[in-house]
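In terms of full-length UniProt numbering, the sequence shown is residues 1 to 244.
Idealized CB from N, CA, C, for every residue including glycine.
Notes for the one structure printed next.
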Amino acid sequence: MPPDAAPAPWVLMYHSVADCRDDPYLVTVSPQRLAAQLAWLRRCGLTGVGVGELLTARAEGRGRGLVGLTFDDGYADFLTTAVPLLRRHGHRATVFVLPGRLGGTNAWDAEGPRKPLLTAEGIRAVASAGMEVGSHGLLHTDLTSDAVDEERLTAEATDSRALIAEITGRAPDGFCYPYGAVDARAVRVVRSAGYAYACGVAPGPLTGTFALARTYVGDRDSSTRLRVKRLLHAFPAVREALHA
């Protein structure tokens, strides 16, 4: 087994990069904190890349020293705030966008402030900056819900991929399950839509390229906390014991 084939790839999960004081979900990271986290990765000898690039590198035995960076929901601040910081520190990332809500807001969040999402022009700018663009579905719908029938599930995966291809000129390789909610049906439909991989959140019964687990990163994650999270990822038995 190649040295970078185990453990599973380490992929960090971000959302918005902005003032985080009014975020009840604790998924917003301030620009200052993100800059510190990106600098810490560099000090550890790690380079952030998009998930597609990470998986390709690992398959070719070049994955050592790489970490996946992902930003969910496609907030406009990814382009205005995150991209400059990523480029300053020599990192790349994947942003998972919602082509059914272009230029809209995070209306799915019951609480907290409304935040603008990327427009089609913004998505093209992100791609031109060297970032990977993936799909988060059309509307940020829980694909495991009983209310989502096969037709709607297929549209969330297939139509979002087609719309992103129209915007960027390239069909996305990556999909991210909204809310991290994934089941066997969602995996089947996403795979059939032509994606090469899909991301969830927490480790669960489903594993593999279409149920990639990620590590949540928030504004409270100092270098010490990130170091612990890295160790827990590297030693899953310890992580499982802590959650038993």
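Grab me the residues of Ala5's own chain with a C-beta within less than 6 Å of its C-beta, minus the 5 sequence neighbours each way, in chain order. Residue placement at Ala5 is flagged as unreliable, the pLDDT there being 42, under the threshold of 50; the coordinate-derived value follows with that caveat. Cβ neighbours of Ala5 beyond the five flanking positions: none.
Nearest to Thr144 by CA position, among Ala107, Tyr216, Arg185 and Ile167, is which residue? Arg185
Contact check, residue 266 vs Val148, beta carbons under 7 Å: The question about residue 266 has no answer, for the chain in this structure spans 1 to 244.
Whole-angstrom C-beta distance between Ala129 and Thr168, which should lie under 8 Å: That pair is no contact at about 12 Å.
Have a look at Val217, Arg220, Pro203 and Val228 and flag the residue whose alpha-carbon is nearest the alpha-carbon of Ala8. Pro203
Leaving out five residues on either side along the sequence, give the residues of the same chain with a beta carbon under 6 Å from the beta carbon of Val83. Ala129
Whole-angstrom C-beta distance between Val17 and Thr81, which should lie under 8 Å: 5 Å
Looking at the secondary structure, which residues open and close the alpha helix (DSSP H) in which Glu53 lies? Val51 to Ala59
Tell me the residue span of the alpha helix (DSSP H) that contains Leu12. Taken as a continuous stretch (DSSP letters only), Leu12 belongs to no alpha helix (DSSP H), being part of the beta strand (DSSP E) at Val11 to Tyr14.
Roughly how many whole angstroms lie between the Cα atoms of Val190 and Pro178? 12 Å
Could you check what DSSP says for Val126 in three-state terms: helix, strand or coil? helix
Could you pull out every residue in the same chain whose Cβ sits closer than 8 Å to the Cβ of Tyr197, ignoring the five residues on either side in sequence? Val51, Gly52, Leu55, Asp173, Gly174, Phe175, Thr209, Phe210 and Leu212
Assess, as a yes-or-no matter, whether the stretch 84 to 101 is touched by the stretch 133 to 142 under the definition of 3 or more beta carbon pairs within less than 8 Å. yes
Can you give me the Cβ contacts of Ala57 inside the same chain, cut-off strictly under 7 Å, excluding the 5 residues immediately before and after it? Gly63 and Leu66
Thinking Gly112 and Asp23 are a contact (beta carbons under 8 Å), I'd like their distance in whole angstroms, please. 6 Å
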